[in-house]
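So the protein lines, in turn, are chains B and V. 2 is the number of the first residue of the first sequence in my numbering; add one for each residue after it. 8 is the number of the first residue of the second sequence in my numbering; add one for each residue after it. All residues carry an ideal CB built from backbone N, CA and C; glycine is no exception. Step one of this worksheet: look at the structure below.
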Amino acid sequence: MRQGLLRLVPHAVMILAILLFAFPIWIAIAGSTQDSAAIARGEISLLPDLSGLGVYREVLVQGSSGAGPVWRALLVSAGMALAIALGKIALSLPSAYAVTFFRFPFRMTAFWLIFLTLMLPVEVRLIPTFQVMSSLDLINSFTGLTIPLIASATATLLFRQTFLAIPDELVEAARMDGAGPLRFLRDIVIPVSGANIAALFVILFVYGWNQYLWPLLVATDPKLDTVVIGIVKMIGVDTATEWNKVMATAVLALIPPVAVVLLMQRWFVKGLTEGDK
Amino acid sequence: MAGLRLEGLRKSFGAHEILKGVDLALADGEMLVIVGASGCGKSTLLRLVAGLETPSAGRILIDGRDVTGIDPSARDIAMVFQNYALYPHMSVFDNMAYGLKIRGLPRAEIRAKVDAASALLGLEALLDRKPRQLSGGQRQRVAMGRAIVRDPKLFLFDEPLSNLDAKLRVQMRGEIRRLQRRLKVTSLYVTHDQVEAMTLGDRLLVMHQGVPVQLATPTEVFERPADTYVAGFIGSPAMNLLPGLLGRNGTAVSLDGTEIDLGPRRIPRPDGHRVILGIRPEHVALDPAGAAWPVEVVELLGSEMLVHGRSAAGASLTLRTANGPPPGEAIRVSFPAAHLHVFDEATGLRLEPAG
């Protein structure tokens, strides 16, 4: 009896936590199908009104009063998140490789300089970064949107840790087999770190998808509105907010990151929990 | 296949000198085992030959060609690592084929070489598996296969058996020996295990603190150890080493007043010279007329037993004898002259009789 109870408690806690976490999402799903005015009055039903599903088509294609069509914003967001995730990986793989496997003058200086950028994320150096982008005439461009977010040390540090876990003997065996530095990177290091790269991709994609402050600042052209910006724009200050559309957009904005996590879940979990040994 | 020559090889890490000058010549097809306690420089020596470390001084010649400054992959050598160092994401086939692929061999030739090596090692059924799906012994075989397919001038083994359990180690030891004999590739084998060293090597190089102390056949090393370090290191249980004084014109040694006859030999040192008398536990003879040693511990090993005694002066003695009734409080033993080794106490070096 006591044992049964003990087993029940963790389950109860878990179910409670899941409910707490899932409830707002459910509200958004249910609310998106209901009448905007009713939501504004606080008369939101927990059951979705299936006849209101047309709102999804509406926001996707036409958009709403404050913002353009959501399909466009979704594309911009996806492009930005992909560019940030892939860009960061492309940049940090070679830099972590260099810092880990090669002896060169000022190696540790280079490492610490990279490390330093970790303490100075875009939000902290907002003004100077904007100044630089402005001087380079990159305001209101996709490049300006993504480049400053790509340059950061998180991925370099994580890759360095992964590479440090590669046994010395493996490096030496490859040397004896005649693999040069680039060949070693391509044939051994990247495949061995595959799970970690995948895990990092997921984290970076979600990080890129959720960016708000920098896109708000650098891209004033509505064509470059991300879906996160779009949602904010839809919540008008003086006009009546179409809450059902806001919620529909929020649900749509949720789908791509969730899909990425689900698709890459296998590697993601593997990369976080075990070294590929 | 070819010989290996090392000339005045030295290696320092900072101010710490690991290898203090090694000269060595290996004949074609010979298997030389480098043995010593950890930290003696044996692994460093192997890594220098492999090209994974750069020597501070000296030269390495393979087949007469100076390879001292040459990249490991251009030395035409193959190495078997202690932890196998298999590429975890590649199949057994790809692991063996990787070095050949990099060398740009045609696909058919790679296939043929890998097939031949895997047949030799009994790996045919495992070619598609990943290393993590293999047992320790199988991984070790793949590591050897990777070395064999390269068809190198020189094999290097870096303690390849130390990660295996005792039973598998004996089996793999035999396999390595047969394989090396069959392929007739000059080999350098590093181990800290003296049994491996004795059974595998055509010759042994015993290293101590960065210096080669003895280079000889296993029998020679066992029967005529060059100094007290080798005497104590090779052979299990270790040789008894008893301090004494030379006497009777160099033909006897006095241990705490008991005179031990050295037989027909005469050690060319003055009487009263401080020496170490060595005798292996299996050569100590039970003798009712011999000197008495109080018994400290008796270890039963099944077919035989070890008796540890300690004299009043503190010298310890181990005796290995057939299993029998446990001895009483003391054993009486004598030291047969034919099995005695005499070393100089000051230098530790073996003292040979005057010719």
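- Item | Through-space distance from B:V252 to B:I26, alpha-carbon basis | Stepping through the first sequence from its first residue, residue 26 of chain B is reached at position 25. Stepping through the first sequence from its first residue, residue 252 of chain B is reached at position 251. Each residue's Cα considered, the two are about 8 Å apart.
- Message: Give the list of continuous alpha helix (DSSP H) stretches no shorter than 4 residues that lie fully inside the segment 180 to 240 of chain B.
- Response: 182 to 185, 195 to 210, 214 to 219 and 228 to 235
- Should the segment 285 to 302 of chain V be regarded as contacting the segment 333 to 346 of chain V, the criterion being three or more beta carbon pairs within less than 8 Å? yes
- Item | Whole-number beta carbon distance between V:P288 and V:L307, since they are thought to touch under 8 Å | Working through the second sequence from its first residue, we reach residue 307 of chain V at position 300. Working through the second sequence from its first residue, we reach residue 288 of chain V at position 281. Not really, about 14 Å apart at Cβ, beyond 8 Å.
- Task: Taking C-beta pairs closer than 7 Å, name the residues in chain V that B:A82 reaches, listed in chain order.
- Result: As a first step, residue 82 of chain B is located in the first sequence; it is residue number 81 there, counting from the start. The contacting residues do not exist; B:A82 stays about 28 Å from chain V at best.
- Query: Where B:L139 and B:A156 are concerned, what is the direct C-alpha to C-alpha distance, given to the nearest angstrom?
  - Reply: For the purposes of this step, residue 139 of chain B is identified with residue 138 of the first sequence, where counting begins at 1. For the purposes of this step, residue 156 of chain B is identified with residue 155 of the first sequence, where counting begins at 1. Their backbone Cα atoms lie some 25 Å apart in a straight line.
- Item | Pair within 7 Å by beta-carbon distance, V:L68 and V:R157 | In the second sequence, residue 68 of chain V corresponds to position 61, counting from 1. In the second sequence, residue 157 of chain V corresponds to position 150, counting from 1. No, they are not a contact pair.
- Which residues, in order along the segment 190 to 207 of chain B, keep a beta-carbon less than 8 Å from a beta-carbon of chain V? P192, V193 and G195
- Task: Jot down the residue ranges of each uninterrupted beta strand (DSSP E) in the segment 273 to 301 of chain V, minimum 3 residues, whole runs only, in chain order.
- Result: 281 to 286
- Task: Check whether the segment 48 to 60 of chain V touches the segment 9 to 28 of chain V, taking contact to mean three or more Cβ pairs, one atom from each stretch, closer than 8 Å.
- Result: yes
- Based on Cα-Cα distance, which residue from V:L284, V:A299, V:Y94 and V:D268 lies nearest to V:R146? Within the second sequence, residue 146 of chain V is the residue found at index 139, counting from 1. Minimum Cα distance to V:R146 is reached at V:Y94.
- Message: In chain order, what are the residue ranges of uninterrupted alpha helix (DSSP H) at least 4 long that sit wholly in the segment 109 to 192 of chain V?
- Response: 114 to 128, 143 to 156 and 173 to 190
- Query: So what does V:F100 bridge to, in DSSP terms?
  - Reply: Numbered from its first residue, the second sequence carries residue 100 of chain V at position 93. Answer by DSSP bridge pairing: none, since V:F100 is not bridged.
- Using a C-beta to C-beta distance shorter than 9 Å, which residues of chain V count as neighbours of B:M109? Residue numbering aside, residue 109 of chain B sits at position 108 when the first sequence is read from its first letter. Near B:M109 there are no residues of chain V at all, since even the closest Cβ is about 18 Å away, more than 9 Å.
- Query: On the premise that V:V349 lies in contact with V:V260, defined as a C-beta separation below 8 Å, what is that separation, rounded to the nearest angstrom?
  - Reply: The sequence position of residue 260 of chain V within the second sequence is 253, counting from 1. The sequence position of residue 349 of chain V within the second sequence is 342, counting from 1. Confirmed, about 7 Å.
- Message: Could you compute how far the alpha carbon of B:G55 sits from the alpha carbon of B:A86?
- Response: Your numbering for residue 55 of chain B matches position 54 in the first sequence. Your numbering for residue 86 of chain B matches position 85 in the first sequence. Between B:G55 and B:A86, the C-alpha separation is close to 33 Å.
- Query: At what residue ranges does the segment 37 to 81 of chain V contain a whole run of the beta strand (DSSP E), taking only runs of 3 or more?
  - Reply: 38 to 42 and 64 to 69
- Message: Can you check which of these residues, V:L326, V:T328 and V:V302, is closest to V:A319 by C-alpha distance?
- Response: On the second sequence, residue 319 of chain V is found 312 positions in, with the first residue counted as 1. Selected option, being the one with the closest Cα: V:V302.
- Would you list the one or two residues that DSSP bridges to V:A329? Here residue 329 of chain V refers to the residue found at position 322 of the second sequence. Answer is V:E311, bridged to V:A329.
- Check V:G251 in the structure and name its three-state DSSP category. Here residue 251 of chain V refers to the residue found at position 244 of the second sequence. V:G251: strand per DSSP, three-state reduction.
- Task: Closer than 7 Å, Cβ to Cβ, to anything on chain B: give me those residues from the segment 90 to 121 of chain V, in chain order.
- Result: N90, A92, Y94, P95, H96, Y105, G106, I109 and R110
- Task: Evaluate contact between the segment 37 to 46 of chain V and the segment 260 to 270 of chain B, counting only Cβ atoms and requiring at least three cross-stretch pairs below 8 Å.
- Result: no
- Task: Could you pull out every residue in the same chain whose Cβ sits closer than 7 Å to the Cβ of B:V203, ignoring the five residues on either side in sequence?
- Result: The residue labelled residue 203 of chain B in the question sits at position 202 within the first sequence. Result list for B:V203: V261, V262, M265 and F269, in chain order.
- Flag B:D36 as yes if its beta-carbon sits less than 7 Å from any beta-carbon of chain A, otherwise no. In summary, chain A is missing from the structure at hand, where the protein chains are B and V.
- Per-residue DSSP class, three states only, for B:L7: Taking the first residue of the first sequence as 1, we reach residue 7 of chain B at position 6. DSSP places B:L7 in helix when its eight states are reduced to three.
- Message: Here's a check: name, in chain order, each residue in its chain whose Cβ is nearer than 7 Å to the Cβ of V:D351, leaving out the five neighbours to either side.
- Response: Mapped onto the second sequence, residue 351 of chain V falls at position 344. Correct list, in chain order: V282 and L358.
- Query: Around the Cβ of V:M8, are there at least 16 other Cβ atoms within 10 angstroms (buried) or fewer (exposed)?
  - Reply: Translated into the one-based positions of the second sequence, residue 8 of chain V becomes position 1. Any reading at V:M8 is ruled out, since the residue's pLDDT is 42, under 50, leaving its predicted position unreliable.
- Item | Among V:G10, V:V177, V:G111 and V:P62, nearest to V:L31 - alpha-carbon criterion | Here residue 31 of chain V is taken as the residue at index 24 of the second sequence, counted from 1. The option with the nearest alpha carbon to V:L31 is V:G10.
- Local Cβ density within 10 Å of B:L6, reported as buried at 16 or more and exposed below that: Counting from 1 along the first sequence, the entry for residue 6 of chain B is found at position 5. Exposed, because fewer than 16 other Cβ atoms sit within 10 Å of the Cβ of B:L6.
- Item | Neighbour flag for V:F88 against chain B, beta carbons, 7 Å | In the second sequence, residue 88 of chain V corresponds to position 81, counting from 1. For V:F88, the answer is yes, since a Cβ of chain B falls inside 7 Å of its Cβ.
- Item | Reduced DSSP category for B:P168 - H, G, I as helix; E, B as strand; rest coil | In the first sequence, counting from the first residue as 1, residue 168 of chain B sits at position 167. Here B:P168 sits in coil by DSSP.
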